[in-house]
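Student:
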Amino acid sequence: MDNFSNSAQSSSATVIARGVKVEGEFVSQGDVVIEGEVNGRVSTSGLLTIGTEAKLKAEITADDAVVAGTIEGMVTVKKRLELKATAKIIGDLTCETATVEAGAVVHGKCSIGQGKPTKEGKAQVMPNEKPGA
Amino acid sequence: MRRDSYAFIYDDFLSDRKYERVLSELDARLASLDLNGRTARLAMFRNAKDLAESLVSQGVTTMVMVGNDQTLDKVMWFLPDMDVTLGYLPVAEPSRIARILGIPNGPEAADVLAARLIETVDVGRLDDRYFLSEVAMEHTLAAVDVEGRYRISPARGGSVFIRNLGSMAESGEASADCKDGLLEVIIRPEAESSGGFFKKVKQPETRIFIEKGEIVASQPVEAKVDSHVMNGMRFKLGIVPNKLKIVTGRRRQLAPISEGLPAAAKSANLPFTTGRTEKSGTGGGIGIRTSLRG
Chain A
8 MDNFSNSAQS
18 SSATVIARGV
28 KVEGEFVSQG
38 DVVIEGEVNG
48 RVSTSGLLTI
58 GTEAKLKAEI
68 TADDAVVAGT
78 IEGMVTVKKR
88 LELKATAKII
98 GDLTCETATV
108 EAGAVVHGKC
118 SIGQGKPTKE
128 GKAQVMPNEK
138 PGA
Chain B
246 MRRDSYAFIY
256 DDFLSDRKYE
266 RVLSELDARL
276 ASLDLNGRTA
286 RLAMFRNAKD
296 LAESLVSQGV
306 TTMVMVGNDQ
316 TLDKVMWFLP
326 DMDVTLGYLP
336 VAEPSRIARI
346 LGIPNGPEAA
356 DVLAARLIET
366 VDVGRLDDRY
376 FLSEVAMEHT
386 LAAVDVEGRY
396 RISPARGGSV
406 FIRNLGSMAE
416 SGEASADCKD
426 GLLEVIIRPE
436 AESSGGFFKK
446 VKQPETRIFI
456 EKGEIVASQP
466 VEAKVDSHVM
476 NGMRFKLGIV
486 PNKLKIVTGR
496 RRQLAPISEG
506 LPAAAKSANL
516 PFTTGRTEKS
526 GTGGGIGIRT
536 SLRG
């Protein structure tokens with residue numbers, strides 16, 4: 008059972024619904040579902056779910072994230088990122104693990120996995136998920 | 246322990262003959278319950294605040310408003326600052342706030358007053374005025390600025406509600422918790438046409454919780470505050486926790502039924518203490534929760 012996907016449906020999540028616009032620094036400590044528009048910054052210590060119709064021009068920080076909409080900005084996910092087929096990210100992406108569905112678009116640098124620093128000082132990518140799983 | 250001293254303030258509209266019977270029955274009920282005190286009547290050129298201050302100086306400890314929700318509104322802007330308990334005897338419509346407080350319309354309201362089930366509730370502030378229930382702005386592009394950190398608004402117009410107690414716009418069932426120290430901001434975008442004849446798709450609503458903020462608009466907006474209307478482009482919002490002592494009925498709905506109340510109390514309709522609902526914080530004492538409707 009995929010708890011990651013199911014938790015996105017949590018009834019206690021904060022929802023920025025379709026037709027609602029947020030501008031500025033939106034910081035939450037729980038799960039957040041965004042179906043509307045955000046310009047600025049989004050930060051949550053919970054699961055961030057970006058719906059298919061969501062449009063974000065924002066810097067994103069979350070513990071976990073499921074993305075099905077469009078993000079223009081840097082995305083930093085501390086743990087697990089799931090990119091749905093409709094996801095479009097224009098910006099750099101950093102996460103611990105990632106699941107990417109066929110059709111997802113990323114324009115930017117991807118850094119997946121903590122990895123140990125190499126001699127050159129670059130992170131070593133150690134994916135622990137099969138792509139598309 | 247001081248003895249409760251009542252004052253009954255009747256709204257001006259009750260001088261209409263059509264209210265004679267209900268007032269007669271109410272007075273009889275109050276007398277049978279040994280609830281008596283000074284009586285006064287609001288009038289067009291009589292300052293409600295001066296009247297209330299005069300009664301308090303005479304030792305009144307419970308100010309009972311007789312009328313409807315608009316009567317309550319006439320004293321709400323100053324009464325929370327007074328050392329009195331507010332009672333409410335609704336005898337006419339609109340009485341949505343009465344229903345949320347669990348007070349029946351008519352002579353039966355006297356029984357609620359006699360039971361003296363007193364709750365201490367939060368009151369909202371819009372600029373320098375208190376409000377008990379909600380601020381409603383419909384068909385607006387106004388935004389709510391949350392402590393200068395972010396602004397949230399309907400992208401293409403909609404309704405914005407800032408609630409402390411229940412819901413004036415809907416069924417009357419409580420959807421805000423007036424004992425949590427937070428205002429509930431609800432944003433409901435305009436319904437979109439689904440393409441069919443006159444068929445509109447109801448949009449999900451966004452709900453956030455704030456301690457303070459500001460309503461900002463680029464054009465003057467009409468804000469319905471409890472039972473009166475204010476116009477402007479900027480309004481400061483705030484909440485004053487535990488500000489007002491008010492007599493409530495056993496059927497009061499001071500918090501959303503599905504969240505704060507024990508199941509046993511709901512089914513038995515027994516007196517209960519509203520529990521604090523868990524709200525995810527967003528920093529600066531702000532919590533957010535949203536429900537999807539429609």
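If you read the sequences in order, they're chains A and B. Per the working numbering, residue 8 is the first one in the first sequence, and the count goes up by one each step. Per the working numbering, residue 246 is the first one in the second sequence, and the count goes up by one each step. For each residue, glycine too, the CB sits at the ideal point set by N, CA and C.
#1: So is Ile96(A) in contact with chain B if we call contact Cβ pairs under 8 Å?
#2: Closer than 6 Å by C-beta to Gln95(A): which residues in its own chain qualify, once you throw out the five before and the five after it? Chain order, please.
#3: For Thr83(A), which of helix, strand or coil comes out of DSSP?
#4: Take the Cβ of Gly494(B) as the centre, count every other Cβ of all protein chains shown within 10 Å, and call the residue buried at 16 or more, exposed below.
#5: Going residue by residue through the stretch 294 to 324 of chain B, where are the continuous alpha helix (DSSP H) segments of at least 4 residues, counting only ones entirely within it?
#6: Helix, strand or coil, according to DSSP, for Ser412(B) in the structure here?
#7: In angstroms with no decimal places, state the Cα-to-Cα distance between Val34(A) and Asp318(B).
#8: Under 8 Å, with one C-beta from each stretch per pair, do the stretch 372 to 390 of chain B and the stretch 292 to 306 of chain B reach the 3-pair mark?
#9: Under 8 Å, do Leu280(B) and Ala355(B) count as touching if we go by C-beta distance?
#10: Going by DSSP, name the residue or residues bridged to Ala69(A).
#11: Could you name each continuous alpha helix (DSSP H) segment of 4 residues or more that falls completely within the stretch 434 to 503 of chain B, going from the start of the chain to the end?
#12: Determine, for Thr385(B), whether the minimum Cβ-Cβ distance to residues of chain A falls below 8 Å.
#13: Near Ala293(B), what residues of its chain come up, given a Cβ to Cβ distance below 7 Å and the 5 sequence neighbours on each side ignored?
#14: Helix, strand or coil for Leu377(B), going by three-state DSSP, please let me know.
#15: Under DSSP, the alpha helix (DSSP H) around Glu270(B) begins and ends at which residues?
#16: In this structure, does DSSP put Arg286(B) in helix, strand or coil?
#17: Kindly indicate if chain B contains any beta-carbon less than 8 Å away from that of Lys64(A).
#18: Kindly indicate which residue of Pro465(B), Asp328(B), Arg401(B) has the alpha-carbon position closest to the one of Arg479(B).
#19: In terms of alpha-carbon separation, which member of Ile363(B), Gly332(B), Asp295(B) lies closest to Gly312(B)?
#20: Roughly how many whole angstroms lie between the Cα atoms of Leu54(A) and Glu103(A)?
#21: Can you tell me which of the three DSSP states Leu259(B) falls into?
#22: By a C-beta neighbour count over all protein chains shown, 10 Å radius and 16 as the cutoff for buried, is Ser512(B) buried or exposed?
#23: So the candidates are Ala69(A), Ala109(A), Lys91(A); which of them puts its Cα closest to the Cα of Met81(A)?
#24: Compute the beta-carbon to beta-carbon distance between Ala65(A) and Asn46(A), rounded to the nearest angstrom, for a pair I have assumed lies under 8 Å.
#25: In this structure, how does DSSP classify Gly505(B) when only helix, strand and coil are distinguished?
#26: Pick from Asp471(B), Ile455(B), Val492(B), Leu499(B): whose alpha carbon is nearest that of Gln315(B)?
#27: What residue range is occupied by the uninterrupted alpha helix (DSSP H) comprising Leu358(B)?
#28: Start and end of the beta strand (DSSP E) containing Ile342(B)?
#29: For Lys86(A), decide whether its Cβ has a neighbour in chain B, counting only Cβ atoms nearer than 8 Å.
#30: Got a sec, what are the start and stop residues for the beta strand (DSSP E) Val149(A) sits in?
#31: State the DSSP-derived secondary structure class of Asp422(B), mapped to helix, strand or coil.
#32: Buried or exposed for Met310(B), please, with buried defined as at least 16 other CB atoms from any protein chain shown within 10 angstroms of its CB.
#33: Taking 8 Å as the limit between beta carbons, can you name the residues of its chain near Ala387(B), skipping five residues before and five after?
#34: Quick one: does the C-beta of Ile453(B) sit closer than 7 Å to a heavy atom of the ligand ADP?
#35: Taking only beta-carbon atoms, is Glu30(A) less than 8 Å away from chain B?
#36: So the beta strand (DSSP E) Ala280(B) belongs to, where does it begin and stop?
Tutor: Reading it off the structure:
#1: Looking up residue 96(A) in the first sequence gives position 89. Residue contact check for Ile96(A) against chain B: no CB pair falls below 8 Å.
#2: To locate residue 95(A), count along the first sequence from 1; it is residue 88. In the sequence as presented, Gln is not what sits at residue 95(A); that position holds Lys. The beta carbon of Lys95(A) sits closer than 6 Å to the beta carbons of Thr77, Val112 from its chain, once the five residues preceding and following it are set aside; these are given in chain order.
#3: Taking the first sequence and counting its residues from 1, one reaches residue 83(A) at position 76. The answer is strand: DSSP assigns Thr83(A) an E or B state.
#4: The sequence position of residue 494(B) within the second sequence is 249, counting from 1. Burial of Gly494(B) is indicated by the presence of at least 16 other C-beta atoms within 10 angstroms of its C-beta.
#5: Listed in chain order, the complete alpha helix (DSSP H) runs (minimum 4 residues) inside the stretch 294 to 324 of chain B are 314 to 321.
#6: For the purposes of this step, residue 412(B) is taken as the residue at position 167 of the second sequence. Three-state DSSP puts Ser412(B) in coil, outside helix and strand.
#7: Here residue 34(A) refers to the residue found at position 27 of the first sequence. Here residue 318(B) refers to the residue found at position 73 of the second sequence. Their backbone Cα atoms lie some 36 Å apart in a straight line.
#8: The stretch 372 to 390 of chain B, when compared against the stretch 292 to 306 of chain B, does not touch it at the 8 Å Cβ threshold.
#9: Within the second sequence, the letter at position 35 stands for residue 280(B). Within the second sequence, the letter at position 110 stands for residue 355(B). With a cutoff of 8 Å on beta-carbon distance, Leu280(B) and Ala355(B) are scored as near each other.
#10: Position 62 of the first sequence, counted from the start, is the residue given in the question as residue 69(A). Residue pairing from DSSP places Ala69(A) in a beta bridge opposite Thr51(A), Val84(A).
#11: With a minimum length of 4 residues, no continuous alpha helix (DSSP H) run stays inside the stretch 434 to 503 of chain B.
#12: Numbered from 1 along the second sequence, position 140 holds the residue referred to as residue 385(B). With 8 Å as the cut-off, Thr385(B) does not count as an interface residue toward chain A.
#13: The count along the second sequence starts at 1 and reaches residue 293(B) at position 48. These residues qualify, in order along the chain: Leu287, Lys319, Val320.
#14: Stepping through the second sequence from its first residue, residue 377(B) is reached at position 132. Coil, per DSSP.
#15: Residue mapping note: residue 270(B) aligns to position 25 of the second sequence, counting from 1. In this chain, the alpha helix (DSSP H) harbouring Glu270(B) covers 265 to 277.
#16: Start at 1 with the first residue of the second sequence, and residue 286(B) comes out as number 41. Strand.
#17: In the first sequence, residue 64(A) corresponds to position 57, counting from 1. It does not; no Cβ of chain B falls within 8 Å.
#18: Position 234 of the second sequence holds residue 479(B). Selected option, being the one with the closest Cα: Pro465(B).
#19: Position 67 of the second sequence, counting from 1, holds the residue named residue 312(B). Taking the Cα of Gly312(B) as reference, the smallest distance to any Cα among Ile363(B), Gly332(B), Asp295(B) is reached at Gly332(B).
#20: Taking the first residue of the first sequence as 1, we reach residue 54(A) at position 47. Taking the first residue of the first sequence as 1, we reach residue 103(A) at position 96. Between Leu54(A) and Glu103(A), the C-alpha separation is close to 14 Å.
#21: On the second sequence, residue 259(B) is found 14 positions in, with the first residue counted as 1. In the three-state reduction of the DSSP assignment, Leu259(B) falls in the helix class, which pools H, G and I.
#22: For the purposes of this step, residue 512(B) is taken as residue 267 along the second sequence, with counting starting at 1. Caution applies to Ser512(B), whose pLDDT of 31 falls short of 50 and renders its modelled position unreliable; the value that the coordinates give is listed next. Exposed: under 16 other Cβ atoms inside 10 Å.
#23: Stepping through the first sequence from its first residue, residue 81(A) is reached at position 74. Closest by alpha carbon: Ala69(A).
#24: Position 58 of the first sequence holds residue 65(A). Position 39 of the first sequence holds residue 46(A). With 8 Å as the limit, Ala65(A) and Asn46(A) qualify as a contact, their Cβ atoms being about 6 Å apart.
#25: Residue numbering aside, residue 505(B) sits at position 260 when the second sequence is read from its first letter. Note that Gly505(B) has pLDDT 42, beneath the 50 cutoff, so the model's placement of it is unreliable and the number below is only indicative. For Gly505(B), the secondary structure class from DSSP, reduced to helix, strand or coil, is helix.
#26: By 1-based counting over the second sequence, the position of residue 315(B) is 70. Among Asp471(B), Ile455(B), Val492(B), Leu499(B), the Cα nearest to that of Gln315(B) is on Asp471(B).
#27: Your numbering for residue 358(B) matches position 113 in the second sequence. For Leu358(B), the enclosing alpha helix (DSSP H) has its first and last residue at 354 to 360.
#28: The residue given as residue 342(B) occupies position 97 in the second sequence. That residue, Ile342(B), is in no beta strand (DSSP E); its alpha helix (DSSP H) goes 341 to 345.
#29: Translated into the one-based positions of the first sequence, residue 86(A) becomes position 79. It does not: the Cβ of Lys86(A) has no partner Cβ on chain B nearer than 8 Å.
#30: Since the first residue of chain A shown is 8 and the last is 140, residue 149(A) is not available in this structure.
#31: Residue numbering aside, residue 422(B) sits at position 177 when the second sequence is read from its first letter. The answer is coil: DSSP assigns Asp422(B) none of H, G, I, E or B.
#32: Locating residue 310(B) in the second sequence gives position 65, where the first residue counts as 1. The residue is buried, with at least 16 neighbouring Cβ atoms inside 10 Å.
#33: Stepping through the second sequence from its first residue, residue 387(B) is reached at position 142. Result list for Ala387(B): Ser398, Val405, Ile460, Val461, Ala462, Val466, in chain order.
#34: Although the ligand ADP was asked about, the structure shown includes no ligands whatsoever.
#35: What you label residue 30(A) is simply residue 23 of the first sequence in a count that begins at 1. It does; some Cβ of chain B falls within 8 Å.
#36: Residue numbering aside, residue 280(B) sits at position 35 when the second sequence is read from its first letter. In the sequence on display, residue 280(B) carries Leu and not Ala. Element bounds for Leu280(B): n/a, residue is neither H nor E.
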